[in-house]
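Worksheet: the structure to be examined is printed underneath.
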Amino acid sequence: MTTVPLKSVSGRRRRTDHIMRGLIWAGAIVALIPLVLVIYYILKKGLGVISGNLFTTDPTGATFGTDLSVLGGIKSAILGTLEMIALATLISVPIGIAIAVWLVEYGRGTKPASVIRYLIDVMTGVPSVVFGLFIYVTLVESQVGGSGFAGWKGAIAISLLMLPIVARSAEVVLLLVPDSLRESALALGAPRWRVIFRIVLPTAAPGLLTGSLLAVARGAGETAPLLFTVQATLVSSGDLTQRMNSLPVQIFNDIQSPNSTIVDRAWGAALTLVALVLIITLIARFIASRSRLQT
Amino acid sequence: MTPPDETSPNRTEVVEQQDAASAAAPQATVGAPEVPTRPGEGARAGGHTISVDDLDAYYGETHAIRGVSIDYAANDVTAMIGPSGCGKSTVLRCLNRMHEEITGAYATGTVKLDDTDIYGSSIDVVAVRRSIGMVFQKPNPFPTMSVADNVSAGLRLAGVKGKHKDEVVEKSLRDAGLWEEVKERLSEPGVGLSGGQQQRLCIARTIAIQPDIILMDEPCSALDPIATLKIEELIHELKRQYTIIIVTHNMQQAARVADRTAFFWLGELIELGPTEKIFTKPDNQRTEDYVSGKFG
Amino acid sequence: MPGTRHAFHEELENLEKQALGALDMIVATLERALEALKHQDVELAQIVISDDDRIDGRYLEVHQGILTLLATQAPVATDLRTVAALLHVIKHVERMGDQCVNIAKLIPITGHEPPVDEEMLATVVRMGDLAISEVRQAKQAFELRDVGLAQDLVRQDEEINKLNREVFRMGVRAGGSDEDRLEWVLTIVMVARALERVGDNAVDIGEQVAFVVTGLFREFSDASHPLPS
């Protein structure tokens with residue numbers, strides 16, 4: 027039994043605590059200001075343009091006019107973005123997950139794995155414009171596939187962007203699957219590939235999905251690769267072997283116009299793009315919260 | 019990557035060989051020449067034995083198991099005890115070739131399941147593990163599967179198709195002493211059961227593929243005392259059909275559960291004998307010191 | 028990790044000390060009983076009888092201690108054999124104590140001036156000395172875990188047995204038809220028998236020594252297979 031009473035907190039410590047709290051709050055607010063401003067600005071500028079017309083008509087290419095019925099909406103841009111992102115996803119997600127599977131299941135701890143992981147990390151840092159230029163030089167200039175600019179080439183550029191994101195996040199998720207599950211499955215007399223397909227991947231599925239969706243959200247918003255590989259058209263042909271319109275490019279072009287309505291349309295497109303990314307992110311978070319793999 | 023294993027409802031040639039062998043050849047005699055401690059429970063028709071000869075196991079450069087030779091009697095429960103790091107778990111994992119799944123780990127020597135050396139050059143590792151099942155320390159039902167699917171997981175992972183899954187599931191759950199508790203909950207997630215139930219589920223999963231031998235690596239370490247006792251009772255039942263080898267760091271458990279006990283120290287087998295002998299009058303002084311708690 | 032389970036081994040040593048200490052109590056009791064016999068000291072005999080409570084008390088202490096140790100510490104191997112042996116030892120101690128009480132109870136009847144047969148009395152006293160020496164040796168054998176010393180008890184016990192038979196023969200000769208004499212003679216024979224029983228118990232303790240050391244239980248001398256005399 028102690029007879030020395032417990033010391034109470036000194037005044038100085040209390041003051042320091044308050045000051046630090048204040049500073050941290052301030053830092054958080056400062057960090058949030060740009061985000062809030064951006065959202066406010068987009069909403070302010072873009073909400074006015076939102077209408078049925080915006081989503082159901084293609085841009086007409088007209089540069090004079092004050093009404094969307096003359097200028098057209100952004101339908102082709104939306105469709106183009108969706109198509110190219112879908113193709114990019116189809117390319118990058120399976121490959122990215124396959125890389126992650128190799129890193130975790132077969133190459134864990136080996137030298138080649140460290141090298142590959144390093145390369146992937148480097149890829150994450152490559153500016154997206156570089157991917158665009160790379161595809162431009164290899165696929166566009168040489169007119170591979172019969173045409174110069176094409177939707178599918180843009181999709182490839184974006185998939186290069188998405189690939190490292192998918193691979194890294196998938197690797198993290200796969201590492202979270204307890205080794206004890208793999209052991210049990212192996213001990214039941216299953217070949218390793220079956221263990222991966224029947225046990226590891228299904229267990230990691232929610233996390234893999236989340237990672238992929240986040241990569242998609244990122245890819246949907248990239249402008250630079252598309253500028254060099256797809257250019258833009260006005261009408262949505264849906265044909266990936268031709269030029270296609272896309273939201274980022276549409277925004278890029280419209281925002282430079284002297285016509286203020288067209289500029290407004292750009293903001294509308296920006297708002298649409300943000301909303302698209304937001305929806306994808308929300309879906310990802312919803313799936314993650316229902317994940318059975320409690321991390 | 020290992021090439022896809024073509025589905026075959028029957029096991030591969032290893033198992034067919036050993037079934038023929040055990041039917042034709044007399045039962046392998048085991049261990050010390052003394053009288054079986056529980057008469058009639060030694061070699062029994064259909065029982066399977068494991069015979070280890072000069073086993074060495076390595077983790078990269080580390081020489082973990084040194085020249086271990088040991089025989090496991092059919093339909094007996096053999097316990098392996100020893101202080102932490104003595105190699106008992108490593109030996110266990112060599113018995114179903116799980117040891118080599120660790121990067122850089124390998125083993126040399128002979129391990130015979132009945133008359134077949136499972137380290138033979140033509141032996142399929144996957145087939146070995148279907149004959150020698152393993153239950154691990156931490157209960158780990160597959161989280162994406164229901165109770166019933168967990169039990170039949172072994173069959174499905176082996177590529178066995180068939181309409182008899184339900185029967186197999188029920189029989190395995192009954193044999194594991196879990197049927198009554200889960201028969202109403204077969205489609206609920208396996209991870210929703212209590213710890214003790216999960217471990218019995220894992221045991222059901224292991225016996226559903228009808229192995230010859232069951233290996234258990236500290237199966238009760240993560241369980242409460244009552245769940246532990248239930249599993250010990252279960253082991254007593256299971257040994258009628260299977261040969262069981264259990265690693266435990268709980269000496270009292272080894273004393274309760276095992277017919278024979280092997281004491282390991284620093285990677286070597288020090289003494290193997292009937293459990294009563296090890297715990298009342300061991301031959302080796304180090305065994306005596308360990309079981310009396312003088313070190314470890 | 029040398030020296031684990033301190034508390035357990037301390038407790039076990041304690042129990043052994045208590046049990047073997049009771050053998051010292053037996054020696055003292057025997058000495059007193061013999062004194063009382065030699066000098067027909069009824070008061071001393073009374074002390075022997077009442078002192079048996081201490082021996083019984085010691086028995087209960089050790090018994091309880093053993094049960095507790097078994098329940099809480101789960102001894103195995105040599106420790107387990109030691110615990111089992113101590114249980115036997117303390118039982119034999121208690122029996123020896125009872126035999127001393129029997130002797131003490133007989134002493135009033137031996138009051139007879141002069142003793143009917145001097146030689147008988149002297150032989151019985153000699154038996155008593157041998158019994159005391161056996162008890163001491165049994166204690167030493169257990170303390171030292173000396174199987175040879177334990178087995179030697181058989182030889183000593185044979186002496187006591189021989190003397191016992193002699194006392195019986197002397198009694199038969201000296202009895203006669205006088206009721207008074209007969210009463211004395213029969214009483215002395217019973218005292219001899221009690222001493223002989225004490226010797227047997229000492230040999231039993233020796234057998235426990237062998238059990239602790241070798242793990243085998245074997246009767247040194249079986250009553251149904253008497254050694255050639």
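Protein chains in written order, with our numbering: chain H, 27 to 321; chain U, 19 to 314; chain V, 28 to 256.
We put the CB at the ideal spot given by N, CA and C, even for glycine.
The model shown is predicted, which means the values in this text are computed figures rather than measured ones.
List the residues that DSSP assigns as beta-bridge partners of residue i.
i	result
Lys-179(U)	Its beta-bridge partners do not exist; DSSP assigns none.
Arg-278(U)	Thr-96(U) and Pro-292(U)
His-81(U)	Tyr-76(U)
Ser-164(U)	Pro-207(U)
Thr-261(U)	Ile-231(U)
Ile-215(V)	According to DSSP, Ile-215(V) bridges with nothing at all.
Thr-128(U)	Asp-71(U)
Leu-133(V)	Leu-133(V) is not bridged to any residue.
Tyr-90(U)	Ile-68(U)
Glu-286(U)	Trp-283(U)
Ala-123(U)	Tyr-77(U)
Secondary structure at residue i, three-state DSSP: helix, strand or coil?
i	result
Glu-306(U)	helix
Asp-135(U)	strand
Gly-133(H)	coil
Lys-166(V)	helix
Val-203(H)	coil
Ala-61(U)	Only weak support exists for where Ala-61(U) lies, its pLDDT of 42 falling under 50; the coordinates are left without a value.
Asp-68(V)	coil
Leu-243(V)	coil
Leu-50(V)	helix
Gly-151(U)	strand
Asp-184(V)	helix
Glu-146(V)	helix
Gly-171(H)	helix
Pro-102(V)	coil
Asn-191(V)	helix
Met-270(H)	coil
Ser-118(H)	helix
Express the C-alpha separation of residue j and residue i in angstroms, rounding to a whole number.
i	j	result
Asp-51(V)	Gln-183(V)	19 Å
Met-116(U)	Lys-201(U)	32 Å
Gln-215(U)	Arg-278(U)	27 Å
Lys-179(H)	Ile-277(H)	20 Å
Pro-142(V)	Leu-148(V)	8 Å
Ala-53(V)	Lys-295(U)	The residue you asked about is not Ala; residue 53(V) is Ile in the sequence shown. Approximately 35 Å between the Cα atoms of the pair.
Gly-100(U)	Pro-157(U)	23 Å
Cys-220(U)	Tyr-66(H)	55 Å
Thr-42(H)	Gly-48(H)	10 Å
Leu-213(V)	Thr-150(V)	14 Å
Val-199(V)	Glu-223(V)	18 Å
Leu-64(V)	Lys-118(V)	26 Å
Glu-206(V)	Ile-136(V)	13 Å
Among the residues of its own chain, which have a CB less than 8 Å from the CB of residue i, if the five just before and after it don't count?
i	result
Lys-248(U)	Gly-195, Gly-214 and Arg-218
Asp-242(U)	Gly-213 and Gly-214
Glu-250(U)	Cys-238, Gln-271, Arg-274 and Val-275
If you drop the 5 nearest sequence neighbours on each side, which residues of the same chain put their C-beta closer than 7 Å to that of residue i?
i	result
Trp-293(H)	Ile-68, Lys-71, Gly-72 and Val-75
Val-300(H)	Ile-68
His-66(U)	Ser-40, Ala-92, Leu-131, Asp-132, Asp-230, Ile-231 and Thr-261
Val-35(H)	none
Asn-168(U)	Pro-159, Phe-160, Gly-208, Leu-219 and Arg-223
Going along the chain, which residues of its own chain have a beta-carbon closer than 6 Å to the beta-carbon of residue i, five neighbours each way excluded?
i	result
Leu-114(V)	Ile-93
Ser-195(H)	Gly-237
Val-203(H)	Val-226, Thr-229 and Ala-230
Ala-183(H)	Phe-157, Gly-158, Ile-161, Pro-251 and Thr-255
Met-123(V)	Ile-53, Val-225 and Asn-228
Practice item. Report the residues of the segment 217 to 235 of chain H with a CB closer than 7 Å to any CB of chain U, ordered along the chain. Key: Correct list: Pro-217, Arg-218, Trp-219, Arg-220, Arg-224, Ile-225, Pro-228 and Thr-229.
**Study point:** Under 9 Å (Cβ pairs) to chain U, residues found in the segment 82 to 98 of chain V
**Key:** none
Exercise for review: Taking a Cβ distance cut-off of 9 Å, strictly less, list which residues of the segment 157 to 187 of chain V are near chain U, in chain order.
Suggested key: none
Point to revise | Selection of the segment 214 to 243 of chain V by Cβ proximity to chain U, strictly under 9 Å | key: Going along the segment 214 to 243 of chain V in chain order, one finds Thr-241, Gly-242 and Leu-243 with a Cβ nearer than 9 Å to chain U.
Exercise for review: Check each residue of the segment 296 to 307 of chain U: if its Cβ is closer than 8 Å to any Cβ of chain H, include it; give the result in chain order.
Suggested key: none
**Study point:** Selection of the segment 115 to 138 of chain H by Cβ proximity to chain U, strictly under 8 Å
**Key:** Tyr-132, Arg-134, Gly-135 and Thr-136
Practice item. Could you run through the segment 103 to 129 of chain V and flag, in chain order, every residue whose CB is less than 8 Å away from some CB of chain U? Key: Val-103, Ala-104, Thr-105, Asp-106, Leu-107 and Arg-108
Practice item. Identify each residue in the segment 113 to 124 of chain U for which the Cβ-Cβ distance to at least one residue of chain H is less than 9 Å, and report them in chain order. Key: Asn-114, Met-116, Glu-119, Thr-121 and Gly-122
Check your understanding: If you measure beta-carbon to beta-carbon, which residues of the segment 38 to 71 of chain V are closer than 9 Å to chain U?
Key -> Hits within the stretch: zero.
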